[in-house]
Amino acid sequence: MTATTNFDFNNFVFTSGANYLTAYNTWINPPAGVTYNAGTAVSITVDNISSSQVGLTLIPLTVSNTNYRIFKVIGVGAAGSRAFTVREEWNSANPVPISGGGTGGKTAAEALTNLGLGDGSLIPIGVPLPYPLSAAPTGWLKCNGSTFSTATYPKLALVYPSGVLPDMRGNAIRGWDDGRGVDTGRALLSEQADAIQNITGSFWVSAEKTDSTYATGAFTTVLPVGNCVTSVFQSRQIQRFDFDASHVARTAAETRMRNIAFNHIVRAA
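If you want the working numbering, it's the 1-based position in the sequence shown plus 112.
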C-alpha cells in the first residue's frame with residue numbers, strides 16, 4: 113500500500129492493481145458524492161484499467177459504522193479530464209436507503225417503520241377496530257362520538273368529512289343493507305336503537321268453566337281475583353293472566369346478543 117497525500121483524482125496516473133492510502137481531507141478533485149468524516153484515512157484500490165477508463169474501490173479505515181462507506185468509482189477519460197461515476201456499496205452499517213431501492217433500516221423493525229409499515233399501518237385509515245385497552249395507541253383515536261381536527265388528520269377527514277367520529281360505545285356494527293331489503297331506510301353511519309320482533313299469542317277460557325284455565329310459555333295464571341255467576345247460577349272464580357318473558361328467557365333493560373366489551377378505535381394517520 114502506497115501512502116499518498118494531496119491525492120488528485122483527476123490528474124493521478126493510476127497503476128493497475130495498485131493500492132493507495134490517502135487522507136480524505138487532502139483529496140483534490142474528488143468524485144462528487146464521495147464523502148467521509150474529516151481526517152479519515154481511505155484505501156483506494158485500482159480494480160482495473162481499460163483504455164481511458166479506470167475502476168476504483170474506496171474503503172475507509174475506520175471503526176465508526178456511520179463513517180464506514182464503500183464506494184465504487186469509474187473514471188472515464190484521460191488524466192486531467194476524467195468524468196466520474198459513483199456507486200455506493202451498501203452494508204449492514206450503511207443500509208440501502210429508500211431512494212436507492214432499499215429500506216434504510218438495519219433491522220426488520222427499522223425497515224417497517226421507514227416504509228410506513230409499522231403497527232396497524234396495513235389497516236385503512238378510518239376503519240373501526242376492536243381494541244382491548246381503554247386508551248388508544250399513538251396515531252389512533254377512540255370511536256366515542258368526539259370531534260377531531262380535519263387539518264391535523266386530513267386523510268381521516270376524507271372518511272369522516274364532518275370531523276366527528278361515530279360513537280361506538282355500547283353499540284355493535286351491523287352490515288349496511290345497501291339495497292338488499294333486510295334493514296331498509298338506513299344510511300351509512302346511522303344509529304339504530306334496540307328492538308325485538310313482535311311477540312303474539314292467545315289463550316282461552318270456557319265461559320261455563322272459568323276455573324278450568326290453562327296457560328303456557330310466557331303466560332301464567334294467577335290466584336283468583338274474583339267470582340262470576342255462570343248460566344246455571346253457579347259461582348265460578350275469575351282467573352287473571354299475566355305475561356312475563358322472564359319466565360322463559362333472560363331479560364334486561366335492552367335486547368342484546370351475547371358479547372364481549374372492546375374499545376373501538378380508528379387509525380387516524
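No residue lacks a Cβ here, since even glycine has one placed at the ideal position from N, Cα and C.
Inter-residue spacing [alpha-carbon to alpha-carbon] between residue i and residue j
i    : j    : result
L170 : L234 : 41 Å
A190 : F196 : 12 Å
R379 : T250 : 9 Å
P172 : D231 : 37 Å
A357 : T296 : 28 Å
F124 : L229 : 47 Å
V337 : H359 : Low confidence applies to V337: its pLDDT is 48, below 50, so where it sits in the model is not reliable enough to give any reading.
A223 : P207 : 10 Å
T65  : I156 : The question about residue 65 has no answer, for the chain in this structure spans 113 to 381.
N310 : A381 : 45 Å
I372 : Y243 : 11 Å
Y272 : Q304 : 19 Å
G238 : L270 : 9 Å
R370 : Y265 : 35 Å
S128 : V185 : 14 Å
N118 : D159 : 21 Å
F121 : A220 : 38 Å
D306 : A263 : 36 Å
E366 : I308 : 9 Å
T363 : G282 : 17 Å
S274 : V294 : 28 Å
T215 : P236 : 22 Å
R168 : A150 : A quick correction: the sequence has Leu, not Arg, at residue 168. Spanning the two alpha carbons is a distance of roughly 21 Å.
S163 : S211 : 33 Å
Chain B contact for residue i (CB, 7 Å cutoff)
i    : result
T147 : Chain labels in this structure do not include chain B; a single protein chain is all it has.
Nearest-angstrom Cβ-Cβ length linking residue i and residue j, presumed shorter than 8 Å
i    : j    : result
G217 : N203 : Contact doesn't hold; Cβ gap of about 13 Å is too wide.
I161 : F126 : 6 Å
T116 : Y132 : 5 Å
N179 : Y148 : 6 Å
N375 : L253 : Not confirmed; about 11 Å, so no contact.
L268 : I377 : No, L268 and I377 are not in contact; Cβ-Cβ is about 12 Å, not under 8 Å.
From the options, residue whose alpha carbon lies closest to that of residue i
i    : options                : result
A144 : V125, S128, V154, G187 : G187
H259 : Y136, P278, L245       : One detail in the question is off: residue 259 reads as Thr in this sequence, not His. Answer by Cα proximity: P278.
V146 : G287, A299, E200       : E200
F353 : C255, S128, P266, T328 : T328
I285 : F331, C255, A221       : C255
F331 : D120, A361, V154, A307 : A361
T114 : N141, A153, L300       : A153
V198 : A364, R298, V166       : V166
N141 : S193, G214, A130       : S193
V276 : S302, G291, D289, G287 : S302
A205 : T134, L300, R181       : R181
M280 : F355, G257, T138       : G257
Which residues DSSP lists as bridging residue i, in chain order
i    : result
I377 : L241, K254
A80  : The question about residue 80 has no answer, for the chain in this structure spans 113 to 381.
L168 : V158, V185
V276 : T259
D120 : I140
Inset, instruction - Would you list, in sequence order, the uninterrupted beta strand (DSSP E) runs of no fewer than 3 residues that lie entirely inside the segment 210-262? - result: Counting only runs of 3 or more, we get 240-243, 252-254.
Inset, instruction - Entirely within the segment 171-207 and at least 3 residues each: give me those beta strand (DSSP E) ranges in chain order. - result: Unbroken beta strand (DSSP E) runs of no fewer than 3 residues, entirely contained in the segment 171-207, are found at 182-188, 195-201, following chain order.
Inset, instruction - List in chain order: all unbroken beta strand (DSSP E) runs of 3+ residues lying wholly within the segment 128-158. - result: Fully enclosed beta strand (DSSP E) runs of 3 or longer: 131-135.
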